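Trainee: One gets our numbering by counting positions in the sequence shown from 1 and adding 90 to each.
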Amino acid sequence: MSDLGLEKQAARAASLEGGAQSWQKFGRDLMCLLTALKEQYAIVCQAVGRPYFVQFVDQGQEGLRAEAVSNNFLVGETRLDNRQTIAMLRLGWQTPTGNLESSTPHRDPEGSPNFFMQLPPPIDYPKLARLAIRTLGDVYKIASAADMRFELAPRQQPGNEESAERGNGHAMNSVSTAETAEALKRSMLAILREISGIPKLDLDADGDLVLEYRGLKVYFLISPQVRWMRITAVLADGVPISLKLLKTLNRWNAQADAVPMYHQGSCVLAGLDLPARPFTRGAFVEATRIFCNAAHRFAVELKEDFATLETRKRRFGAYSLH
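1) Counting only the same chain and skipping the five closest in sequence on each side, list residues whose C-beta sits under 8 Å from that of residue 395.
2) Inspect the CB distances between the segment 315-334 and the segment 289-298 and report whether three or more fall short of 8 Å.
3) Assign residue 165 to buried or exposed, taking buried as 16 or more other Cβ atoms, counted over all protein chains shown, within 10 Å of its Cβ.
4) So, residue 126 versus residue 147, is the Cβ gap smaller than 7 Å?
5) Give the straight-line distance between the Cα atoms of residue 377 and residue 388, rounded to the nearest whole angstrom.
6) Please look up how many angstroms separate the CB atoms of residue 237 and residue 366, rounded, as I've assumed it's under 8 Å.
7) What first and last residue would you give for the alpha helix (DSSP H) that runs through residue 217?
8) Determine the DSSP secondary structure at residue 347, reduced to helix, strand or coil.
9) Could you tell me how far apart the beta carbons of residue 325 and residue 280 are, in whole angstroms, since I believe they sit closer than 8 Å?
10) Could you give the DSSP three-state label for residue 240: helix, strand or coil?
11) Taking the straight line between their C-alpha atoms, what separation do you get for residue 283 and residue 350?
12) Residue 177: which of 204, 203, 149, 230 sits nearest, CA to CA?
13) Measuring alpha carbon to alpha carbon, tell me which of 139, 123, 120, 119 ends up nearest residue 320.
14) According to DSSP, residue 134 sits in a beta bridge with which residue or residues?
15) Going by DSSP in three states, residue 183 sits in which element: helix, strand or coil?
16) Going by other Cβ atoms of all chains shown within 10 Å of its Cβ, with 16 needed for buried, is residue 272 buried or exposed?
17) Apart from the five residues just before and just after residue 181, which ones in its own chain have a Cβ nearer than 7 Å to its Cβ?
18) Could you give the first and the last residue of the continuous beta strand (DSSP E) run that contains residue 302?
19) Based on Cα-Cα distance, which residue from 374, 128, 287, 235 lies nearest to residue 353?
20) Spatial neighbours of residue 210 within its chain, please: CB distance less than 8 Å, with the 5 preceding and 5 following residues excluded, ordered by chain position.
21) Could you tell me the boundaries of the beta strand (DSSP E) in which residue 89 lies?
22) DSSP three-state label for residue 366, please.
23) Do the CB positions of residue 186 and residue 203 come within less than 7 Å of each other?
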């Protein structure tokens, strides 16, 4: 063999514009998506590598349902404290009406296990975008909109449990850190040298582990706590957000065992997260093979469907997994 703003900062943000500016762009993108949102879909604003999200469901003549993840879906250090809960109420969110068992679409159709609000038409989209930004930035402490991504999900009943569960999917359990990130990186490097047939493959000048695969730069990143590793690559750069793009991503991600593809900042990326422990050669080799093949196939599909995209032209850098 032979995730972003790239130039070593792309891993934190696909377009690194600074905190305030990136949130402004996020707000504009969200308003654009919400105004085009169809009744059968939900827009999910998901934090990358963290369990926080805000989601919006168009309900036709009834208006729009907004939800934000609550402690019903958060564990450990990710749970909201009392001050954060009070901040949510001050922003206008209604408290969850029950837990996962009691607040279901059938038992509690008007409520939710998440923070929620029902917005009658006409919808004030700028105000809604500001609400999302304050919730994500001020309450959930997302440092930059570069750490967010948009997802398009099929509409569920009130409570949108399927999307909500996705917010909990990034929750991380405590693991041992006896093996340092550097030692793990060296183990990965030795394996990549073997399977790539490049005995001189080494870390780049910035200490990153990078593998060239059919024109893609594939990065192997390790979280500071050595809890997770991420295989990631930038598939396309300079990509404006649109419902067409989100539908394409949604269709791809709906496939069984699909490598997650997502839009972040101005890029389309592929990213596969794996537990750092236990680290086994077989699992790492198989994950690398699956990722590289899937990333290449989707990059080709993007180029065919979005002919104006510039693909694979920028670098990817160190990514801080939470």
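Heads up, the beta-carbon is just placed ideally off N, CA and C, and yes, glycines get one too. Owing to the predicted nature of the structure, the values given are computational and were not obtained by experimental measurement.
Mentor: A quick look at the data gives this:
1) Around residue 395: 338.
2) no
3) exposed
4) Note that the C-beta distance between residue 126 and residue 147 is not below 7 Å.
5) 16 Å
6) No, residue 237 and residue 366 are not in contact; Cβ-Cβ is about 20 Å, not under 8 Å.
7) Per DSSP, residue 217 belongs to the alpha helix (DSSP H) from 215-224.
8) Coil.
9) That pair is no contact at about 27 Å.
10) strand
11) 25 Å
12) 230
13) 139
14) Residue 134 pairs with 145, 241.
15) Residue state, collapsed to three classes: coil.
16) exposed
17) 221, 224, 225
18) 299-303
19) 235
20) Result list for residue 210: 152, 153, in chain order.
21) No information on residue 89 is available, as it lies outside the stretch 91 to 412 that the chain covers here.
22) coil
23) yes
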